[in-house]
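> Residue numbers (this note's numbering): 59 to 358.
Note that CB positions come from ideal geometry on N, CA and C, so glycine has one too.
Quick caveat: nothing in here was measured; it's all calculated off a predicted structure.
Structure incoming, see below.
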Amino acid sequence: MGNIVNAAEYDYFGRKKLMDALCKEYGFIKRSVIGRSCGGRDITALKIGASHEYALIAAAFHGSERITSVVLMMFIEELASALKCGESIAGINISKAMTGRGVIFVPCVNPDGCEISLHGAIACGELKGAIAKLCRNNFTHWNANLRGVDINHNFDAGWQELRQKEIKEGIYGPGPTRFGGYKPESEPETLALTELCRTVKIRHATALHSQGEVIYWNYGGNTPVRAKKMAEIMATSSGYALDTPIGIADGGGFKDWFISEFCRPGFTVELGKGENPLPAESASEIYSRVKEMLVLCTIM
């Protein structure tokens, strides 16, 4: 049987079909809708395994970074197949490694942004004129949600300081990227993740972005000591470098909020290299390099 997930562009309905197929093939994958976007699109979580606490891996926070969703779904498929068939991934026996473990995946945090970056004005509904003006008719690099808020600037972690940095950069209101909203957690996409983490015990969280081949692992005084060792293991596995965000990239992100809120490890992984959006056909190569790291993110 061929793969369900391939290195291709998938829009909102394409992803839904993939998740339908994955859940049909692997009945132990549990699917739930954890929220809906500004445009009314489902934000879906897929759960594998059961435990009193879960690893969380989320992707596609930014529209032009939708390749991260494909890479994550490639991993979900291989993980599920290995569990079903008793196989290993990167030399790790998945059935044994997942005993007593659970993981939750959110393949696309920002479905509206991904649709806008991929399909342009047709994905914007009644806001197409306003969004076209904000991006000067260049939809390809759109990262924000339908309201022009950058989800990864909208979490309540150093948000006030980040807002001042945005203003210094000339970012005063909605736009294609880096506007964190008028208050933290103002967006339904942000709330979908924060409410998930407040409802389910998440032992550590990983956010997949592109690009740069780096791993961010610390934020403020609540970063647990073990987070650096975990990040070093992830870096050794993938060949990615450890890094620290600076300037307008520091604060307001999901990883930052998770660390601040729960004092548990949180990571941002920048997949691949190049200019976003990375070509869809590069998903297989990116995945082959990070699959062991994703296994480790699941079982650590």
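1) Is the beta carbon of V327 less than 9 Å from the beta carbon of Y298?
2) Would you please state the rounded distance, in angstroms, between the beta carbons of D214 and P242? I believe it to be under 8 Å.
3) Tell me the residue span of the beta strand (DSSP E) that contains A103.
4) Give the secondary structure of F312 by DSSP, where H, G and I count as helix, E and B as strand, and everything else as coil.
5) Which ranges would you report for the alpha helix (DSSP H) in the region 130-194 if only whole runs of at least 4 residues count?
6) Three or more beta-carbon pairs under 8 Å between the region 133-150 and the region 70-90, yes or no?
7) Between N94 and E173, is the Cβ-Cβ spacing less than 9 Å?
8) If we ignore side chains and look at the alpha-carbon of each, how far apart do L141 and I152 end up?
9) Shorter than 9 Å from the beta carbon of G228 to some beta carbon of chain D?
10) For K186 and G158, what's the separation of their Cα atoms in angstroms?
11) Got a sec? Which residues, its chain only, sit under 7 Å from R284 by beta carbon, not counting five neighbours each side?
12) Cutting at 8 Å between CB atoms, please list the residues of its own chain near I291, excluding the five before and the five after it.
13) Put A215 into one of helix, strand or coil per three-state DSSP.
14) Given that a residue counts as buried once 16 or more other Cβ atoms are within 10 Å of its Cβ, and exposed if not, what is A108?
15) Keeping to the same chain, check which residues put their C-beta closer than 8 Å to that of G278; ignore five residues upstream and five downstream.
16) N334 and E123 look like a contact to me (Cβ under 8 Å); what is the Cβ gap, rounded to whole Å?
17) With DSSP collapsed to three states, give me the class of D78.
18) Taking I273 and A250 to be in contact with their CB atoms under 8 Å, please state how far apart those CB atoms are, rounded to whole angstroms.
19) List the endpoints of the continuous beta strand (DSSP E) containing L329.
20) Would Y112 pass as a contact of R261 if the rule is Cβ separation under 9 Å?
21) For A65, does the three-state DSSP call read helix, strand or coil?
22) Would you kindly work out how many angstroms separate the C-alpha atoms of E184 and H199, rounded to a whole number?
23) Among the residues of its own chain, which have a CB less than 7 Å from the CB of N212, if the five just before and after it don't count?
24) Under three-state DSSP, which class holds T356?
With the given structure in hand:
1) yes
2) 4 Å
3) 100-107
4) helix
5) 152-155, 169-177, 186-192
6) yes
7) Reading the sequence as shown, one finds Arg at residue 94 and not Asn. No. Outside cutoff.
8) 6 Å
9) As a matter of chain content, chain D is missing from the structure shown, which is built from one protein chain.
10) 47 Å
11) P323
12) L354, M358
13) coil
14) exposed
15) A215, G216, D314, I317, S318
16) 6 Å
17) helix
18) With 8 Å as the limit, I273 and A250 do not qualify as a contact, their Cβ atoms being about 24 Å apart.
19) 324-329
20) yes
21) coil
22) 20 Å
23) G238, G239, P242, E243, S244, E245, T248, G310
24) helix
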